[in-house]
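Engineer: Chains H and A, in that order, are what the protein sequence lines are.
Numbering (my numbering) for the first sequence: 1 to 177.
Numbering (my numbering) for the second sequence: 1001 to 1177.
First the structure, which I've put down as structure tokens, then a few questions once you've had a look.
2 protein chains.
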Amino acid sequence: MQSREKEILKVAEKMVRKGGYNAFSFREIADKVGIKSSSVHYHFPTKADLGAAVAFYYTENFLDRLGNLDELIKARKDPIKTYIKVFRDALTKDKHMCLCGLLGAEVNGLPPEVAGQVKIFFERNIEWLTQAYLLKNGTTAAKKAAMHTLALLEGSMILSNVLGDIKVFDKSIDSLA
Amino acid sequence: MQSREKEILKVAEKMVRKGGYNAFSFREIADKVGIKSSSVHYHFPTKADLGAAVAFYYTENFLDRLGNLDELIKARKDPIKTYIKVFRDALTKDKHMCLCGLLGAEVNGLPPEVAGQVKIFFERNIEWLTQAYLLKNGTTAAKKAAMHTLALLEGSMILSNVLGDIKVFDKSIDSLA
DNA sequence: GTCTATAATTTGATAGAC
DNA sequence: GTCTATCAAATTATAGAC
């Protein structure tokens, strides 16, 4: 991927994480990147293409930040605590919602390509968490625990974001840690 | 409130719950109600006015459905189970996300009037749940439990909606019931 | 790869007639 | 209270020059 495309994706991600899929336009992105809107169309033909690409690279980056599960175990790090930290950092450092949490909320109004990528984010995260719970507790209820954790984290992000208080996030997820 | 305004609010709510604040327009609403877009402007001068009104009446209806807490206790009904049912019904009967859950996710991109109303939804719900936990358990950790429950329900709604499976909702919130 | 130019559509909003 | 008429701006998208 070229650096221009990276720039575009970065700007687009920020805008989507602020107000959802309909909160960005080719012109606005072009202005911020310093090119023309038609140039954005060159890299991403349609809005759905760009939206799906944003969701795809967000998922990749997110899983990268989680790191390799086996290595975490080897280093005697609690994978669940790592997982929580990645979520929390999104709220405190990026100062924005989880992109796929937001797009997940409005999934019924998204173009199929975008909705599909959002679904993949959730599937891959549940997969990661399920493995983490299996390694940690060896329980057969690992998948249920995974869905519980992901749901609680996404919901806590919304609560904390609306009420404008990071302590709300910490209190809501207290039972996880 | 007149019936026309009710009609407009009803149609608008449905559209917002599908794709967020930017997923409805005065023209689309007018078409579905059977009037002209300028007539919608008569009832709700600006889009922010309409958005805030939708959030306000959604909150009122939601709290109405919860019912009076003291009466629930008197009738020996578990208020938490009632609360969960109201959320679950939104997903199964209305077949849509919680309006304020969705708007809460994109709160950073909303006009202040709308964001304010969304915030009130969360405040009032935490209040209701806190009282419920106080009555049920008499615990001082009632507010924390309230935030946990609300966050988990909103997050579970997103998960279930994205993955297109109501069982995901039930599994995610299993620890609540 | 980025540009100019432009098209077609949609959008939020207003003025004034009935 | 609803309509017609209209507006300016924004939006997605395309064709073709450099």
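Where a beta carbon is used, it is the ideal one built from N, C-alpha and C, also for glycine.
1) Here's the rule I'm using: 16 or more other beta-carbon atoms within 10 Å means buried, otherwise exposed. How should A:R1076 be labelled?
2) State the Cα-Cα distance for the pair A:A1090 and A:E1113, rounded to the nearest angstrom.
3) Since H:K6 is in the alpha helix (DSSP H), which residue starts that stretch and which ends it?
4) With 16 other CB atoms within 10 Å as the buried threshold, where does H:N137 fall?
5) Flag A:I1158 as yes if its beta-carbon sits less than 8 angstroms from any beta-carbon of chain H, otherwise no.
6) Give the residues of chain A in contact with H:K85, contact being defined as C-beta atoms less than 8 angstroms apart.
7) Chain H beta carbons: is any one of them nearer than 8 angstroms to that of A:F1026?
8) With 9 angstroms as the C-beta to C-beta threshold (strictly closer), list the residues of the stretch 1105–1136 of chain A near chain H in chain order.
9) For the putative contact between H:L159 and A:M1157, defined by C-beta atoms under 8 angstroms, what is the C-beta separation to the nearest angstrom?
10) Which residue marks the beginning of the alpha helix (DSSP H) containing A:S1038, and which one marks its end?
11) Between A:E1007 and the rest of its own chain, which residues show a CB-CB distance below 7 angstroms, the 5 nearest in sequence each way excluded?
12) Nearest-angstrom Cα distance between A:L1063 and A:N1125?
13) Does DSSP put H:E28 in a helix, a strand or coil?
14) Give a yes or no on whether the C-beta atoms belonging to A:T1082 and A:G1067 are separated by under 8 angstroms.
15) Taking 8 angstroms as the CB-CB cut-off, is A:M1147 touching chain H?
16) In angstroms with no decimal places, state the Cα-to-Cα distance between A:P1111 and A:D1078.
17) Output yes if chain H places a C-beta closer than 8 angstroms to the C-beta of A:G1020; else output no.
18) So, for A:L1069: in the same chain, excluding its five sequence neighbours on each side, which residues have a beta-carbon less than 8 angstroms away from its beta-carbon?
19) Work out the CA separation of A:F1087 and A:Q1117 for me, nearest whole Å.
20) Can you list the residues of chain A that H:V168 reaches, using a CB-CB cut of under 7 angstroms?
21) Just reading off the alpha helix (DSSP H) that H:T46 is part of, what are its end residues?
22) Spell out whether any CB of chain H is found under 8 angstroms from the CB atom of A:K1171.
23) Going along chain H in order, which residues have a C-beta closer than 7 angstroms to the C-beta of A:V1162?
24) Beta-carbon separation of H:A30 and H:F44 under 8 angstroms?
25) Could you tell me the distance, in whole angstroms, from the CA atom of A:R1017 to the CA atom of A:N1061?
26) What does the Cβ neighbour count give for H:E123, buried or exposed, with the cut at 16 atoms within 10 Å?
27) If the cut is a Cβ gap below 9 angstroms, which residues of chain A does H:E154 touch?
28) What is the rounded straight-line gap between the Cα of A:E1005 and the Cα of A:V1011?
29) In terms of alpha-carbon separation, which member of H:L163, H:D174, H:K47, H:E71 lies closest to H:M97?
30) Does DSSP put H:S156 in a helix, in a strand, or in coil?
31) With C-beta atoms as the reference, is H:L152 less than 8 angstroms away from H:I173?
32) Sort H:L150, H:E154, H:K144, H:F24 by Cα distance to A:G1109 and report the nearest one.
33) Residues in its own chain within less than 8 angstroms of H:G155 by CB, not counting five upstream and five downstream?
34) As a quick exercise: from H:K47, H:R27, H:Y21, pick the residue whose alpha carbon is nearest that of H:G104.
35) Since A:V1107 is in the alpha helix (DSSP H), which residue starts that stretch and which ends it?
Structural biologist: Looking at the coordinates:
1) Position 76 of the second sequence, counted from the first residue, corresponds to residue 1076 of chain A. So A:R1076 counts as exposed.
2) Counted from its first residue, the second sequence places residue 1090 of chain A at position 90. Counted from its first residue, the second sequence places residue 1113 of chain A at position 113. Looking at the two C-alpha atoms, the distance is approximately 24 angstroms.
3) Stepping through the first sequence from its first residue, residue 6 of chain H is reached at position 6. Taken as a continuous stretch (DSSP letters only), the alpha helix (DSSP H) holding H:K6 covers 3–19.
4) Your numbering for residue 137 of chain H matches position 137 in the first sequence. Under this definition H:N137 is an exposed residue.
5) As a working note, residue 1158 of chain A is residue 158 in the second sequence. For A:I1158, the answer is yes, since a Cβ of chain H falls inside 8 angstroms of its Cβ.
6) Residue 85 of chain H sits at position 85 when you count from the first residue of the first sequence. Ordered by position in chain A, no residue passes the 8 angstroms Cβ test against H:K85, which lies about 17 angstroms from the chain.
7) As a working mapping, residue 1026 of chain A is identified with position 26 in the second sequence. Not an interface residue.
8) Only those residues of the stretch 1105–1136 of chain A whose C-beta falls short of 9 angstroms from the nearest C-beta of chain H are listed: A1105, E1106, V1107, N1108, G1109, L1110, A1115, V1118, K1119, F1121, F1122, E1123, I1126.
9) Residue 159 of chain H sits at position 159 when you count from the first residue of the first sequence. Residue 1157 of chain A sits at position 157 when you count from the first residue of the second sequence. Contact flag wrong, Cβ pair sits at about 13 angstroms.
10) Walking along the second sequence from the start, residue 1038 of chain A turns up at place 38. Residues 1037–1043.
11) Start at 1 with the first residue of the second sequence, and residue 1007 of chain A comes out as number 7. The answer, listed in chain order, is V1033.
12) Position 63 of the second sequence, counted from the start, is the residue given in the question as residue 1063 of chain A. Position 125 of the second sequence, counted from the start, is the residue given in the question as residue 1125 of chain A. Between A:L1063 and A:N1125, the C-alpha separation is close to 8 angstroms.
13) Looking up residue 28 of chain H in the first sequence gives position 28. The answer is helix: DSSP assigns H:E28 an H, G or I state.
14) Counting from one through the second sequence, the residue named residue 1082 of chain A turns up at place 82. Counting from one through the second sequence, the residue named residue 1067 of chain A turns up at place 67. Their beta carbons are under 8 angstroms apart, which means A:T1082 touches A:G1067 by this criterion.
15) Counted from its first residue, the second sequence places residue 1147 of chain A at position 147. So yes, A:M1147 belongs to the interface.
16) Residue numbering aside, residue 1111 of chain A sits at position 111 when the second sequence is read from its first letter. Residue numbering aside, residue 1078 of chain A sits at position 78 when the second sequence is read from its first letter. Approximately 37 angstroms, taken between the alpha carbons.
17) Within the second sequence, the letter at position 20 stands for residue 1020 of chain A. So, interface residue.
18) Looking up residue 1069 of chain A in the second sequence gives position 69. If we look at A:L1069 and ignore the five residues flanking it on each side, its Cβ neighbours are P1079, W1128, Q1131, A1132, L1135.
19) Locating residue 1117 of chain A in the second sequence gives position 117, where the first residue counts as 1. Locating residue 1087 of chain A in the second sequence gives position 87, where the first residue counts as 1. Answer to the nearest angstrom: the Cα atoms are 19 angstroms apart.
20) Taking the first sequence and counting its residues from 1, one reaches residue 168 of chain H at position 168. Going along chain A in sequence order, the residues near H:V168 (Cβ under 7 angstroms) are M1147.
21) The residue labelled residue 46 of chain H in the question sits at position 46 within the first sequence. From DSSP, H:T46 is part of no alpha helix (DSSP H); its letter is neither H nor E.
22) The residue labelled residue 1171 of chain A in the question sits at position 171 within the second sequence. Yes, because at least one Cβ of chain H sits closer than 8 angstroms to the Cβ of A:K1171.
23) Counting from one through the second sequence, the residue named residue 1162 of chain A turns up at place 162. Near A:V1162 (Cβ distances below 7 angstroms), the residues of chain H are G104, V107, V118, K119, F122.
24) Start at 1 with the first residue of the first sequence, and residue 30 of chain H comes out as number 30. Start at 1 with the first residue of the first sequence, and residue 44 of chain H comes out as number 44. Cβ distance not < 8 angstroms, so H:A30 and H:F44 don't count as in contact.
25) The sequence position of residue 1017 of chain A within the second sequence is 17, counting from 1. The sequence position of residue 1061 of chain A within the second sequence is 61, counting from 1. Distance between A:R1017 and A:N1061, taken at the CA atoms: about 15 angstroms.
26) As a first step, residue 123 of chain H is located in the first sequence; it is residue number 123 there, counting from the start. Exposed, by the Cβ-count rule.
27) One-based indexing of the first sequence puts residue 154 of chain H at position 154. Residues of chain A passing the Cβ test: A1105, A1151, E1154, G1155, S1156, I1158, L1159.
28) Residue numbering aside, residue 1005 of chain A sits at position 5 when the second sequence is read from its first letter. Residue numbering aside, residue 1011 of chain A sits at position 11 when the second sequence is read from its first letter. C-alpha separation (whole angstroms): 10 angstroms.
29) For the purposes of this step, residue 97 of chain H is identified with residue 97 of the first sequence, where counting begins at 1. Nearest of H:L163, H:D174, H:K47, H:E71 to H:M97, Cα basis: H:L163.
30) Reading the first sequence from its first residue, position 156 is the one you call residue 156 of chain H. The answer is helix: DSSP assigns H:S156 an H, G or I state.
31) Residue mapping note: residue 152 of chain H aligns to position 152 of the first sequence, counting from 1. Residue mapping note: residue 173 of chain H aligns to position 173 of the first sequence, counting from 1. It is a contact, given that the beta carbons lie within the stated cut-off.
32) Working through the second sequence from its first residue, we reach residue 1109 of chain A at position 109. It is H:F24 whose Cα lies nearest to the Cα of A:G1109.
33) Taking the first residue of the first sequence as 1, we reach residue 155 of chain H at position 155. Counting only Cβ-Cβ distances below 8 angstroms, and skipping sequence neighbours, we find S172.
34) Counting from one through the first sequence, the residue named residue 104 of chain H turns up at place 104. Checked all of H:K47, H:R27, H:Y21; the closest Cα to H:G104 is H:Y21.
35) On the second sequence, residue 1107 of chain A is found 107 positions in, with the first residue counted as 1. Unbroken run through A:V1107: none, as it is neither H nor E.
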